[in-house]
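Novice: Residue numbers for the sequence shown follow my numbering, beginning at 74 and rising by one.
Quick one: this structure, given as structure tokens, is what I'll be asking you about.
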Amino acid sequence: MKLIHILLLCPFLSVAQPNKISPSTVGDQLPDVKLTGLIHHPKETTSLSSFKGKFILLDFFGSWCGSCVTNLSKLDSLQEAHRDKLQILVIASEGKERIRKFLATNKFGKNTKLVFVTGETSLNVLFPHRMLPHVAWISDKSEILGITGGGAISPANMEIFFSRQPLEVAIKRDAMDFNKNRPLLENGNAVDSSNLYGRSIFTKHIPGVPSMRFVKSENGLRRYCYTNETILGLYWTALEYPKNRIILEVSDSSRFLNNAEDTGEWYKQNTYSYDITLPAGAPKSRMRELLHQDLDRYLQMTGKMERRTMKCWIIRKSHGFIGIRAKGGESKTIFSETYRRYNNRPFKTVINAFNDYFLPSPGEPIICDETGLDYNVDMEIPRSAFKDIELLRRTLERYHLTLEPAEREMEVFVLRSRDAEKNNAGPNQEPGNIPFIE
74 MKLIHILLLC PFLSVAQPNK ISPSTVGDQL PDVKLTGLIH HPKETTSLSS FKGKFILLDF
134 FGSWCGSCVT NLSKLDSLQE AHRDKLQILV IASEGKERIR KFLATNKFGK NTKLVFVTGE
194 TSLNVLFPHR MLPHVAWISD KSEILGITGG GAISPANMEI FFSRQPLEVA IKRDAMDFNK
254 NRPLLENGNA VDSSNLYGRS IFTKHIPGVP SMRFVKSENG LRRYCYTNET ILGLYWTALE
314 YPKNRIILEV SDSSRFLNNA EDTGEWYKQN TYSYDITLPA GAPKSRMREL LHQDLDRYLQ
374 MTGKMERRTM KCWIIRKSHG FIGIRAKGGE SKTIFSETYR RYNNRPFKTV INAFNDYFLP
434 SPGEPIICDE TGLDYNVDME IPRSAFKDIE LLRRTLERYH LTLEPAEREM EVFVLRSRDA
494 EKNNAGPNQE PGNIPFIE
């Protein structure tokens, strides 16, 4: 008799078990999920089913993600244009108060009317990712039609989306099992590295892994890792040349300069990863030396520093110069959306900022200091002045400094391809172009 009672209870026990959430993919039906910590919504809590009958874009978001933040205005316009049939939900893992503070202080956040879901975990399980932006496209029938990056949001793809067809875009699959605490190519393997003395690994682009660089020390070893970096970026790490003093003597510059319409595809084809392990006592200069050798060897390039005469911009003191010495106080640089403020900072630091503002690239303006100022200063420079030579000139005039074009001999980084050397090919562009490149 007791056995009968147990058997009768079993179905109820199984029903009481919570449904396990597992990752979804294109073609799946999206289960109903509770949404909490809502902002810009009349309720504190709701569910996905409350938007039944509408197309849904789940935009996974981080307040620290620059492209996520700037995309808000585009998403706002999209929501307004299709308010009757589209619901955009911004999914943030961050807590509600943190997102409220962001929306109150950020210039893009202040203007958005998008619905935010905060402190979210369930949707992150359904749509696992490592990189942002990350977007899930859900039809009005709750079918998942796409999982993409933010760049896939376009008029053409919206038209496909509203026709209930799967997007003609590769599914964004981030490498969730990538472990930055393990050497590349050994993820998930139980590798005994107790006898490792040193090694280096050079690979092509690794799909699903963000571009990053880090150093890790353990067991008497020091490991340097650089993932999905450009060729110029890796050479800059090896030689630490001024980022705007580059001459390319190559037959095809497209491997080095991202001028492609499809930026994402260019990065897939032209970025590389480098992982090197050395004894912990080896100086960083040794790592840089080996990286330089590996780049030359594997890429069939020759990269080195040379003396060249270059076009540049010279900063000098004007006739009315009366000094710009700092008034004292804490030495710091303040970054805002509109300016950089240097408080009690060496004048050399300001000059270096002009020359290091851009990613390593030829053709950026070269700023040279001939003021002789060897003390700390207080200066405020508009961020747009780093891209606008005339605005920079006017800004410097406030401090009784001049900015004039000239030519000077200086150390520059010259990168030659072996095929260009064989064909006696000269530079494929004039070095040291004066205009700022947007």
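Ideal Cβ placement from N, Cα and C applies to all residues, glycine included.
DSSP state of E338, grouped into three classes?
Specialist: As a first step, residue 338 is located in the sequence shown; it is residue number 265 there, counting from the start. DSSP, reduced to helix, strand and coil, places E338 within a helical segment of the structure shown.
Novice: Tell me, please, which residues DSSP counts as bridged to N416.
Specialist: In the sequence shown, the residue the question calls residue 416 occupies position 343. For N416, which the question treats as bridged, DSSP gives the partners K405.
Novice: Within the same chain, show all residues whose beta-carbon is closer than 6 Å to that of R491, passing over the 5 residues directly before and after it, in chain order.
Specialist: The count along the sequence shown starts at 1 and reaches residue 491 at position 418. Only Q373 meet the Cβ criterion.
Novice: Taking C-beta to C-beta, are S195 and Q102 nearer than 8 Å?
Specialist: What you label residue 195 is simply residue 122 of the sequence shown in a count that begins at 1. What you label residue 102 is simply residue 29 of the sequence shown in a count that begins at 1. Against a cut-off of 8 Å, the Cβ pair of Q102 and S195 comes out as no contact.
Novice: Which residue wins for smallest C-alpha separation from F200, given the options A165, D429, Y308, D367?
Specialist: The sequence position of residue 200 within the sequence shown is 127, counting from 1. The shortest Cα separation from F200 among A165, D429, Y308, D367 belongs to A165.
Novice: Looking only at its chain, what residues have a beta carbon closer than 6 Å to the beta carbon of N317, apart from the 5 residues adjacent to it on each side?
Specialist: Locating residue 317 in the sequence shown gives position 244, counting from the first residue. Result list for N317: N428, E437, I439, in chain order.
Novice: How is the alpha helix (DSSP H) around C441 delimited, first residue to last?
Specialist: Walking along the sequence shown from the start, residue 441 turns up at place 368. Per DSSP, C441 belongs to no alpha helix (DSSP H); it is in the beta strand (DSSP E), 440–442.
Novice: Using CA atoms only, rank isn't needed, just tell me which of Y448, I161, Y472 is closest to H392.
Specialist: To locate residue 392, count along the sequence shown from 1; it is residue 319. Nearest option by C-alpha distance: Y472.
Novice: If I'm right that Y430 touches F408 with Cβ under 8 Å, what's the distance once you round it to whole angstroms?
Specialist: Indexing the sequence shown from 1 puts residue 430 at position 357. Indexing the sequence shown from 1 puts residue 408 at position 335. Rounded, the Cβ-Cβ distance is 12 Å, inconsistent with contact.
Novice: What residue range is occupied by the uninterrupted beta strand (DSSP E) comprising V485?
Specialist: What you label residue 485 is simply residue 412 of the sequence shown in a count that begins at 1. First-last of the beta strand (DSSP E) with V485: 474–490.
Novice: Nearest to Y347 by alpha carbon, out of P356, D335, R361?
Specialist: To locate residue 347, count along the sequence shown from 1; it is residue 274. Per the Cα distances, R361.
Novice: Can the beta-carbon of I217 be found closer than 8 Å to that of T98?
Specialist: Against the sequence shown, residue 217 aligns to sequence position 144. Against the sequence shown, residue 98 aligns to sequence position 25. Here I217 is near T98, since their CB atoms are less than 8 Å apart.
Novice: Return helix, strand or coil for A333, following the three-state DSSP convention.
Specialist: If you number the sequence shown from 1, residue 333 lands on position 260. Three-state DSSP puts A333 in coil, outside helix and strand.
Novice: Leaving out five residues on either side along the sequence, give the residues of the same chain with a beta carbon under 6 Å from the beta carbon of T276.
Specialist: Indexing the sequence shown from 1 puts residue 276 at position 203. Correct list, in chain order: S346.
Novice: With distance defined between alpha-carbon atoms, name the residue in C385, L474, G445, K421 nearest to R481.
Specialist: Taking the first residue of the sequence shown as position 1, residue 481 is located at position 408. The residue with the shortest Cα to Cα distance from R481 is C385.
Novice: Please check the pair L464 and I388, which I expect to be a contact at CB under 8 Å, by giving their CB distance rounded to whole angstroms.
Specialist: Looking up residue 464 in the sequence shown gives position 391. Looking up residue 388 in the sequence shown gives position 315. Actually they do not touch by this definition, with Cβ atoms about 15 Å apart.
Novice: On the CB-based measure, 16 or more other CB atoms within 10 Å of its CB, does L351 come out buried or exposed?
Specialist: Within the sequence shown, numbered from 1, the residue matching residue 351 stands at position 278. Burial state of L351 is buried, judged by a 10 Å Cβ sphere holding 16 or more other Cβ atoms.
Novice: For the 8 Å Cβ check, are there 3 or more pairs between the segment 140–149 and the segment 219–228?
Specialist: yes
Novice: Per DSSP, H207 forms a beta bridge with which residues?
Specialist: For the purposes of this step, residue 207 is identified with residue 134 of the sequence shown, where counting begins at 1. H207 is bridged to F133.
Novice: If we require 3 or more residues per run, which beta strand (DSSP E) segments fall completely within the segment 167–255?
Specialist: 188–190, 207–211, 217–221
Novice: In or out: R272 buried (at least 16 other Cβ within 10 Å) or exposed?
Specialist: As a first step, residue 272 must be located in the sequence shown, where it is residue number 199. Under this definition R272 is an exposed residue.
Novice: Report the option in T191, T143, G139 whose CA atom is closest to the CA atom of V163.
Specialist: For the purposes of this step, residue 163 is taken as the residue at position 90 of the sequence shown. Minimum Cα distance to V163 is reached at T191.
Novice: For P352, name the three-state secondary structure that DSSP assigns.
Specialist: Counted from its first residue, the sequence shown places residue 352 at position 279. DSSP places P352 in strand when its eight states are reduced to three.
Novice: What are the start and end residues of the beta strand (DSSP E) that includes E437?
Specialist: By 1-based counting over the sequence shown, the position of residue 437 is 364. Premise fails: E437 is in no beta strand (DSSP E) and is neither H nor E.
Novice: Check E291 in the structure and name its three-state DSSP category.
Specialist: In the sequence shown, the residue the question calls residue 291 occupies position 218. If DSSP states are grouped into helix, strand and coil, E291 belongs with the strands.
Novice: Thinking C-alpha only, which one of D247, T422, I395 is nearest S514?
Specialist: No information on residue 514 is available, as it lies outside the stretch 74 to 511 that the chain covers here.
Novice: Out of curiosity, what's the CA-to-CA distance linking P455 and T468?
Specialist: What you label residue 455 is simply residue 382 of the sequence shown in a count that begins at 1. What you label residue 468 is simply residue 395 of the sequence shown in a count that begins at 1. When rounded, the distance between both Cα atoms is 8 Å.
Novice: Can you give the Cα-Cα distance for T185 and E302, rounded to whole angstroms?
Specialist: Residue 185 sits at position 112 when you count from the first residue of the sequence shown. Residue 302 sits at position 229 when you count from the first residue of the sequence shown. A straight-line Cα-Cα distance of about 33 Å links T185 and E302.
Novice: In chain order, what residues of the same chain lie with their CB nearer than 6 Å to the CB of V264, ignoring the 5 residues before and after it?
Specialist: Stepping through the sequence shown from its first residue, residue 264 is reached at position 191. Only weak support is given to the placement of V264: the predicted model assigns it a pLDDT of 45, under 50, and the question is left unresolved by the model.
Novice: With 16 as the cutoff for other CB atoms within 10 Å, does P96 come out buried or exposed?
Specialist: Indexing the sequence shown from 1 puts residue 96 at position 23. So P96 ends up on the exposed side.
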